[in-house]
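Asker:
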């Protein structure tokens with residue numbers, strides 16, 4: 020009796036952990052990705068990944084080539100446990116396994132999935148096998164397989180050439196849109212990284228500072244920052260070496276004075292004489308006539 024109660028409690032906890040891990044790694048709106056065909060350079064399959072609305076602990080996969088067949092499979096707790104066990108990750112927590120599964124379905128973080136279309140049985144029923152490759156952070160990788168049955172198929176002679184050409188163009192358009200969306204997200208992430216604080220290559224450090232000292236970025240004054248820039252630049256004939264430091268501010272020289280004796284402050288003997296003061300006119304009577312001395316030519320300017 021106690022064993023049955025303990026088993027039911029463990030299953031309930033496992034389902035709760037699975038639901039939380041699914042919500043953390045798979046958005047409510049789902050996502051669309053492309054699945055390349057194994058050992059083929061042909062057009063990839065398109066895949067829609069959704070969380071099941073009726074069951075919070077399950078996923079829904081829908082895959083199509085837009086031409087011949089549509090495949091669907093619901094991954095509940097039992098199917099996800101089988102996939103985790105088949106990949107050799109039975110001891111992994113749900114959050115770790117589902118993070119790797121989401122990366123593989125998206126084709127990110129060196130995790131991949133490829134499609135292998137097959138026909139089985141005497142009536143050659145269409146089916147699709149997905150081959151997963153999970154890249155681990157510790158190094159190495161693990162693999163798993165998942166089979167999907169066709170939920171709908173189109174006979175090869177049912178569609179006209181015009182319909183086939185239209186569906187191929189439609190698939191090419193969707194694949195190109197997915198590629199463009201992925202490139203845009205990568206550029207946006209790169210821009211955010213470059214514009215984030217501390218991302219400047221001038222101030223980026225490659226080694227940790229000594230214990231008890233402030234980081235290099237905090238210890239760099241504007242002058243030290245300029246010297247760090249000069250240390251990584253060639254001289255370009257500017258008169259200083261690549262590893263030179265800036266001279267003191269009071270000894271900076273212009274290009275015309277290079278090689279000459281630095282000029283010091285002016286001395287009293289070398290100072291320029293003050294300008295002569297002009298004698299002003301009368302402030303009492305501006306129209307007063309000046310008395311002229313005898314014998315002086317009145318037409319000569321004084």
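Numbering (my numbering), first residue to last: 20 to 321. No residue lacks a Cβ here, since even glycine has one placed at the ideal position from N, Cα and C. Remember, predicted model here, so these are calculated numbers, not experimental data.
Distance check for residue 29 and residue 81, CA to CA, integer angstroms please.
Answerer: Residue numbering aside, residue 81 sits at position 62 when the chain shown is read from its first letter. Residue numbering aside, residue 29 sits at position 10 when the chain shown is read from its first letter. Cα-Cα distance, rounded: 31 Å.
Asker: Can you name, in chain order, every residue of its own chain whose Cβ lies under 6 Å from the Cβ of residue 129, other than the five neighbours on each side?
Answerer: Along the chain shown, one-based indexing puts residue 129 at 110. Correct list, in chain order: 154.
Asker: Grab the span of the alpha helix (DSSP H) containing residue 102 for me, first residue to last.
Answerer: Working through the chain shown from its first residue, we reach residue 102 at position 83. Taken as a continuous stretch (DSSP letters only), the alpha helix (DSSP H) holding residue 102 covers 96-105.
Asker: Cutting at 7 Å between CB atoms, please list the residues of its own chain near residue 85, excluding the five before and the five after it.
Answerer: Here residue 85 refers to the residue found at position 66 when the chain shown is read from its first residue. Cβ neighbours of residue 85 beyond the five flanking positions: 65, 186, 189, 190.
Asker: Considering residue 64, what are the terminal residues of the beta strand (DSSP E) in which it resides?
Answerer: The residue given as residue 64 occupies position 45 in the chain shown. Residue 64 -> beta strand (DSSP E) spans 64-70.
Asker: Less than 8 Å between the CB atoms is what I'm expecting for residue 123 and residue 151, so what's the real figure, rounded?
Answerer: What you label residue 123 is simply residue 104 of the chain shown in a count that begins at 1. What you label residue 151 is simply residue 132 of the chain shown in a count that begins at 1. With 8 Å as the limit, residue 123 and residue 151 qualify as a contact, their Cβ atoms being about 5 Å apart.
Asker: Based on Cα-Cα distance, which residue from 77, 47, 75, 134 lies nearest to residue 168?
Answerer: Locating residue 168 in the chain shown gives position 149, counting from the first residue. Of the candidates 77, 47, 75, 134, the one whose C-alpha sits nearest the C-alpha of residue 168 is 134.
Asker: What are the start and end residues of the alpha helix (DSSP H) that includes residue 164?
Answerer: In the chain shown, counting from the first residue as 1, residue 164 sits at position 145. That residue, residue 164, is in no alpha helix (DSSP H); its beta strand (DSSP E) goes 160-172.
Asker: Please report how far the alpha carbon of residue 121 lies from the alpha carbon of residue 31, in whole angstroms.
Answerer: Here residue 121 is taken as the residue at index 102 of the chain shown, counted from 1. Here residue 31 is taken as the residue at index 12 of the chain shown, counted from 1. Between residue 121 and residue 31, the C-alpha separation is close to 23 Å.
Asker: Quick check: what's the CA-CA separation for residue 145 versus residue 67?
Answerer: Counted from its first residue, the chain shown places residue 145 at position 126. Counted from its first residue, the chain shown places residue 67 at position 48. Distance between the alpha carbons of residue 145 and residue 67: 19 Å.
Asker: Which residue comes first and which comes last in the alpha helix (DSSP H) that contains residue 116?
Answerer: Within the chain shown, the letter at position 97 stands for residue 116. Note, residue 116: alpha helix (DSSP H), 113-125.
Asker: State buried or exposed for residue 164, treating a residue as buried only when at least 16 other CB atoms are found within 10 Å of its CB.
Answerer: Locating residue 164 in the chain shown gives position 145, where the first residue counts as 1. With fewer than 16 Cβ atoms within 10 Å of its Cβ, residue 164 is classed as exposed.
Asker: With DSSP run on the structure shown, which of helix, strand or coil describes residue 59?
Answerer: By one-based count along the chain shown, residue 59 stands at place 40. Correct three-state label for residue 59: coil.
Asker: Which class does residue 150 belong to by DSSP, given the choice of helix, strand or coil?
Answerer: Stepping through the chain shown from its first residue, residue 150 is reached at position 131. If DSSP states are grouped into helix, strand and coil, residue 150 belongs with the strands.
Asker: Apart from the five residues on each side of it in sequence, which residues of its chain come closer than 7 Å, Cβ to Cβ, to residue 131?
Answerer: For the purposes of this step, residue 131 is taken as the residue at position 112 of the chain shown. The answer, listed in chain order, is 123, 152.
Asker: Does the pairing of the segment 46-62 with the segment 105-115 give three or more beta-carbon distances under 8 Å?
Answerer: The segment 46-62, when compared against the segment 105-115, does not touch it at the 8 Å Cβ threshold.
Asker: Could you name the residues that DSSP lists as bridge partners for residue 34?
Answerer: Along the chain shown, read from residue 1 onward, the residue named residue 34 stands at position 15. Residue 34 is not bridged to any residue.
Asker: Would the beta-carbon of residue 107 fall within 8 Å of that of residue 161?
Answerer: The residue given as residue 107 occupies position 88 in the chain shown. The residue given as residue 161 occupies position 142 in the chain shown. Result yes, Cβ atoms of residue 107 and residue 161 sit closer than 8 Å.
Asker: On a CA-only basis, which of 69, 40, 292 is nearest residue 51? Give me that one, please.
Answerer: As a position in the chain shown, residue 51 is number 32, starting the count at 1. The option with the nearest alpha carbon to residue 51 is 69.
Asker: Please tell me whether residue 103 and residue 109 are closer than 8 Å, where the distance is taken between their beta carbons.
Answerer: By one-based count along the chain shown, residue 103 stands at place 84. By one-based count along the chain shown, residue 109 stands at place 90. Closer than 8 Å, so yes.
Asker: Name, in chain order, the residues that DSSP records as bridge partners for residue 137.
Answerer: Against the chain shown, residue 137 aligns to sequence position 118. BP columns for residue 137 point to 146.
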